[in-house]
Amino acid sequence: MMATVIPVLLALASSGTSTAAERPQLDCHVGPVTKSYGKNDWLLYSCSDNRSVVVVAKPDNPAFEFYFILVPGTDDVELYGEGTGDKAATEPAFQDLKLLSVTDIAALVSETKLVDGK
279 MMATVIPVLL ALASSGTSTA AERPQLDCHV GPVTKSYGKN DWLLYSCSDN RSVVVVAKPD
339 NPAFEFYFIL VPGTDDVELY GEGTGDKAAT EPAFQDLKLL SVTDIAALVS ETKLVDGK
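Structure (structure tokens):
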């Protein structure tokens, strides 16, 4: 199973040309909350920036060993995905996740904090 603590190096939308040393390191371990995207269950963890969310395939999900990262900007959400899961399972989830707004992501962050007791 993928680790529940996912350190992620991300270039935020405003730092598209920055070097790896300048990118913030995020620890994404608050949660998880189980949500269904693409008709499969995923674990959601919020990150140390209190804005970003990592969506990890559950072990019984055909997309297992795949995760998405959602990074909200001012008006939109950047969506990244990586892993070896079944594309037939990751693509429908991607289609669902790309519909999430900045407000939706903020609500998910709050939900992960409730589960984590923070």
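Residue numbers (the working numbering): 279 to 396. Ideal placement from N, C-alpha and C gives every residue a C-beta, glycine not left out.
Can you tell which of the options has the C-alpha that lies nearest to the C-alpha of residue i?
| i | options | result |
| --- | --- | --- |
| ASN246 | ASP364, ASP382, LEU348, ILE347 | This structure gives no information on residue 246, because the portion of the chain shown stretches from 279 to 396. |
| PRO310 | ASP327, ALA335, ASP374, LEU304 | ALA335 |
| ASP319 | ASP382, LYS376, THR381, PHE342 | PHE342 |
| PHE346 | ASP327, CYS306, THR381, VAL393 | CYS306 |
| GLY351 | ASP327, GLN373, THR362 | ASP327 |
| PHE372 | ASP382, GLY359, GLN303, VAL380 | GLY359 |
DSSP on residue i, reduced to helix/strand/coil?
| i | result |
| --- | --- |
| LYS313 | strand |
| PHE253 | Given that the chain is displayed from residue 279 to residue 396, the structure contains no residue 253 and the question cannot be resolved. |
| SER458 | For residue 458 there is no data in the structure shown, the boundaries of the chain being 279 and 396. |
| PRO370 | helix |
| ASN375 | Strictly speaking, residue 375 in this sequence is Leu, with Asn absent from that position. Note: LEU375 maps to helix in three-state DSSP. |
| ASP305 | strand |
| ASP338 | coil |
| ASP319 | strand |
Taking all protein chains shown into account, decide if residue i is buried (16 or more other Cβ within 10 angstroms of its Cβ) or exposed.
| i | result |
| --- | --- |
| THR368 | buried |
| THR390 | buried |
| SER377 | Checking the sequence, you will find Leu at residue 377 rather than Ser. Label assigned to LEU377: exposed. |
| ALA366 | exposed |
| SER388 | exposed |
| SER330 | buried |
| LEU229 | What the structure shows of the chain is the stretch from 279 to 396, and residue 229 is not part of that stretch, so it cannot be assessed. |
Please report the straight-line C-alpha distance between residue i and residue j, rounded to a whole angstrom.
| i | j | result |
| --- | --- | --- |
| ALA385 | VAL355 | 14 Å |
| LEU322 | VAL308 | 8 Å |
| SER324 | VAL333 | 9 Å |
| PRO370 | GLY361 | 15 Å |
| PHE344 | PRO337 | 10 Å |
| SER314 | LEU348 | 15 Å |
| VAL380 | LYS317 | 22 Å |
| THR312 | LEU357 | 19 Å |
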